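K.L.:
Dumping the structure here so I can ask a few things about it.
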Amino acid sequence: MELDWQSRIIEQQKSRPNDNRSAWQVDRSRIIHAAAFRRLQAKTQIMGIGLNDFHRTRLTHSLEVSQIGSGLLRHLEKQHPDFNHFPDQSLLETLCLAHDIGHPAFGHGGEIALNYMMRDHGGFEGNAQTLRIVSRLEPYSDGHGMNLTRRTLLGFIKYPAFINDLWHTIPKHNPSRAFIKADDWRPAKGLYNDDRTTFDWIVAPLSAADKTNLSKAQEVDQYRAKTLYKSLDAAIMELADDIAYAVHDLEDAIATEQITLKEWQNHAMPALQAVDCEWLITSNITARLFLESEAQRKDVIGELVNLFITQSSIIKNDIKFENPILNYTVVLPKSYQALLDALKSFIYQRLIRASHMQQIEFKGQKLIIELFEAFACDPLRLLPETTANLYRQTLQQGGNTHRVICDYLSGMTDEYAFKTHQRLFSSNN
51 MELDWQSRII EQQKSRPNDN RSAWQVDRSR IIHAAAFRRL QAKTQIMGIG LNDFHRTRLT
111 HSLEVSQIGS GLLRHLEKQH PDFNHFPDQS LLETLCLAHD IGHPAFGHGG EIALNYMMRD
171 HGGFEGNAQT LRIVSRLEPY SDGHGMNLTR RTLLGFIKYP AFINDLWHTI PKHNPSRAFI
231 KADDWRPAKG LYNDDRTTFD WIVAPLSAAD KTNLSKAQEV DQYRAKTLYK SLDAAIMELA
291 DDIAYAVHDL EDAIATEQIT LKEWQNHAMP ALQAVDCEWL ITSNITARLF LESEAQRKDV
351 IGELVNLFIT QSSIIKNDIK FENPILNYTV VLPKSYQALL DALKSFIYQR LIRASHMQQI
411 EFKGQKLIIE LFEAFACDPL RLLPETTANL YRQTLQQGGN THRVICDYLS GMTDEYAFKT
471 HQRLFSSNN
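The sequence shown begins at 51 in this note's numbering and counts up by one.
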């Protein structure tokens with residue numbers, strides 16, 4: 051069974067004399083050297099690229115997620131010494147390093163724009179695009195992306211069902227409206243139907259019952275459902291991502307004065323006071339974040355990260371899977387999960403949803419829609435040669451040509467998308 055999870059979808063004969071790397075180390079190398087990974091340095095994490103030279107990009111965020119993920123794994127292995135199904139450290143680092151490579155320019159604004167433009171063609175979602183990049187688009191192999199191992203690919207799948215099944219009510223499109231309402235077009239979190247063959251190969255070693263249970267979902271709202279389960283590897287990666295988002299993005303926001311002491315006192319403290327967490331009683335968190343030295347702020351940020359890592363543990367899922375990679379997940383105690391959720395909510399409400407940030411996001415959203423409309427109106431004329439050839443091939447095969455345009459646009463960095471838009475629409479060029 052273990053060899054099944056180390057297998058690759060195609061066998062490639064590479065001239066690598068005396069290469070003593072494990073399969074997982076090879077996967078990590080392929081991620082680090084991928085163009086999609088390098089582009090993370092020029093994609094928005096929260097604040098727009100160029101607004102401040104201190105803030106985190108998606109690349110620095112991903113490096114921090116990898117560090118936190120490694121810490122989680124070391125802690126869990128020490129806490130559960132008899133559990134033999136943890137991911138290899140290189141495997142987990144691979145997942146953490148590349149977890150965001152599918153996210154487009156301009157953050158959630160770009161994601162919403164692409165999902166809107168793909169509403170009749172399978173939708174768009176950043177995690178689904180990550181799997182597509184590593185398994186299809188990166189030109190390391192002929193049509194199979196980086197040709198990563200099966201278990202690594204499974205670890206990238208946070209939502210193991212298809213958008214076509216999860217996005218059960220697509221909002222009505224009003225062509226008379228000049229702009230779109232973002233909340234109507236937030237993506238269902240799942241996989242593209244275009245990548246069904248890849249998904250089927252990834253889950254081939256699983257029993258029929260495990261495949262069925264893995265794709266179970268529940269309703270989120272009137273439009274979407276969300277899956278309930280994922281592999282242990284994906285769960286560890288997701289927790290590391292949540293910790294980095296809640297703690298390090300908070301640090302960014304304070305250091306760049308995007309969040310003030312007054313906002314913290316008015317909006318974060320009431321939520322934190324409702325959390326039954328012993329650490330909060332003695333941490334003196336407010337003074338150390340806002341009133342004392344930068345070293346003190348760094349120290350309390352480090353304490354928070356360590357706190358979440360050392361409070362984590364693995365438990366069995368609420369339904370039984372036959373495969374141990376699926377049968378377990380990682381959790382925090384309720385009080386510490388409440389603390390993490392309170393910090394995440396504060397960042398979301400007071401930074402991401404702040405009007406000036408939403409205006410920047412709206413601008414990027416509008417830009418991506420206009421780019422998509424331009425390329426879709428005359429693709430063989432406007433797309434670069436390689437993409438145009440792929441579009442022509444997809445058209446001849448009766449495939450999803452909109453997905454080709456979407457893949458091209460989603461791979462753009464913020465700056466490249468802006469310059470492309472200027473080239474197409476600005477009268478000053």
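The beta carbon of each residue, even a glycine, is placed where N, CA and C say it ideally should be. No experiment lies behind these values; they were computed from the predicted model shown.
Taking the alpha-carbon positions, what's the R442 to P189 distance?
P.N.:
If you number the sequence shown from 1, residue 442 lands on position 392. If you number the sequence shown from 1, residue 189 lands on position 139. Rounded to whole angstroms, R442 to P189 spans 18 Å at the Cα level.
K.L.:
For H223, count neighbouring C-beta atoms within 10 Å of its own C-beta (all shown protein chains included) and say buried if the count is 16 or more, exposed if not.
P.N.:
The count along the sequence shown starts at 1 and reaches residue 223 at position 173. By the neighbour-count rule (16 or more Cβ atoms within 10 Å), H223 is not buried but exposed.
K.L.:
Quick one: using the 10 Å Cβ neighbour count with 16 as the cut-off for buried, is S72 buried or exposed?
P.N.:
The count along the sequence shown starts at 1 and reaches residue 72 at position 22. The residue is exposed, with fewer than 16 neighbouring Cβ atoms inside 10 Å.
K.L.:
Say whether the stretch 169-188 touches the stretch 263-277, bearing in mind that this needs 3 or more beta-carbon pairs closer than 8 Å, one atom from each stretch.
P.N.:
No: fewer than three Cβ pairs fall under 8 Å.
K.L.:
List the endpoints of the continuous alpha helix (DSSP H) containing Y386.
P.N.:
In the sequence shown, counting from the first residue as 1, residue 386 sits at position 336. Where Y386 is concerned, the enclosing alpha helix (DSSP H) stretches over K384 to I397.
K.L.:
Might you give, ordered along the chain, the residues of its own chain that have their beta carbon closer than 6 Å to the beta carbon of Y458, omitting 5 neighbours on each side?
P.N.:
Counted from its first residue, the sequence shown places residue 458 at position 408. The residues are T437.
K.L.:
Give the range of the alpha helix (DSSP H) segment to which V355 is assigned.
P.N.:
Working through the sequence shown from its first residue, we reach residue 355 at position 305. From DSSP, the alpha helix (DSSP H) with V355 extends over E344 to Q361.
K.L.:
The alpha helix (DSSP H) with Q315 in it runs from where to where?
P.N.:
Counting from 1 along the sequence shown, the entry for residue 315 is found at position 265. It is not in any alpha helix (DSSP H) - Q315 carries neither H nor E in the DSSP assignment.
K.L.:
When the Cα atoms are used, what is the spatial distance from D292 to L432?
P.N.:
As a first step, residue 292 is located in the sequence shown; it is residue number 242 there, counting from the start. As a first step, residue 432 is located in the sequence shown; it is residue number 382 there, counting from the start. Cα-Cα distance, rounded: 39 Å.
K.L.:
Buried or exposed for E484, please, with buried defined as at least 16 other CB atoms from any protein chain shown within 10 angstroms of its CB.
P.N.:
Outside the displayed span of the chain (51 to 479) sits residue 484, for which this structure offers no information.
K.L.:
Alpha carbon to alpha carbon, how far is F412 from L109? Give it in angstroms, no decimals.
P.N.:
Against the sequence shown, residue 109 aligns to sequence position 59. Against the sequence shown, residue 412 aligns to sequence position 362. Those two C-alpha atoms are separated by around 23 Å.
K.L.:
Is the separation between the beta-carbon of V380 and that of I118 shorter than 8 Å?
P.N.:
Here the question's residue 380 lines up with position 330 in the sequence shown. Here the question's residue 118 lines up with position 68 in the sequence shown. No, these two residues do not count as a Cβ contact at 8 Å.
K.L.:
Which residues in the same chain as V253 place their Cβ atom closer than 6 Å to its Cβ, once the five residues preceding and following it in sequence are excluded?
P.N.:
One-based indexing of the sequence shown puts residue 253 at position 203. Excluding positions up to five away in sequence, the list reads K261.
K.L.:
Provide the residue(s) that pair with W217 in DSSP beta bridges, ordered along the chain.
P.N.:
Within the sequence shown, numbered from 1, the residue matching residue 217 stands at position 167. Note: W217 sits in a beta bridge opposite R274.
K.L.:
According to the neighbour-count rule (16 or more other Cβ atoms, all chains shown, within 10 Å of its Cβ), is H158 buried or exposed?
P.N.:
As a working mapping, residue 158 is identified with position 108 in the sequence shown. By the neighbour-count rule (16 or more Cβ atoms within 10 Å), H158 is buried.
K.L.:
Following the continuous alpha helix (DSSP H) through Y242, name the residue where it begins and the one where it ends.
P.N.:
Taking the sequence shown and counting its residues from 1, the one referred to as residue 242 is at position 192. No alpha helix (DSSP H) contains Y242, which DSSP labels as neither H nor E.
K.L.:
Can you name the start and end residues of the beta strand (DSSP E) that A148 belongs to?
P.N.:
For the purposes of this step, residue 148 is identified with residue 98 of the sequence shown, where counting begins at 1. Element bounds for A148: not the beta strand (DSSP E) but the alpha helix (DSSP H), Q139 to A148.
K.L.:
Looking at the strands, I want to know which residues DSSP matches up with V381.
P.N.:
Translated into the one-based positions of the sequence shown, residue 381 becomes position 331. Answer is S363, bridged to V381.
K.L.:
I'd like to confirm the pairing. Which residues does DSSP put opposite Q268 in its beta bridges?
P.N.:
If you number the sequence shown from 1, residue 268 lands on position 218. DSSP, once it has assigned bridges, lists K276 as partnering Q268.
K.L.:
Name the two residues that bound the continuous alpha helix (DSSP H) containing D326.
P.N.:
Residue 326 sits at position 276 when you count from the first residue of the sequence shown. Taken as a continuous stretch (DSSP letters only), D326 belongs to no alpha helix (DSSP H), as it is neither H nor E.
K.L.:
Would you give the residue range spanned by the alpha helix (DSSP H) that E411 belongs to?
P.N.:
Taking the first residue of the sequence shown as 1, we reach residue 411 at position 361. E411 -> alpha helix (DSSP H) spans S405 to C427.
K.L.:
Please identify the residue among W314, L122 and E161 whose C-alpha is closest to the C-alpha of D138.
P.N.:
Working through the sequence shown from its first residue, we reach residue 138 at position 88. Measuring from the Cα of D138, the nearest candidate turns out to be L122.
K.L.:
Please report the straight-line C-alpha distance between Q56 and Q272, rounded to a whole angstrom.
P.N.:
On the sequence shown, position 6 is the one that residue 56 refers to. On the sequence shown, position 222 is the one that residue 272 refers to. So the alpha carbons of these two residues sit roughly 40 Å apart.
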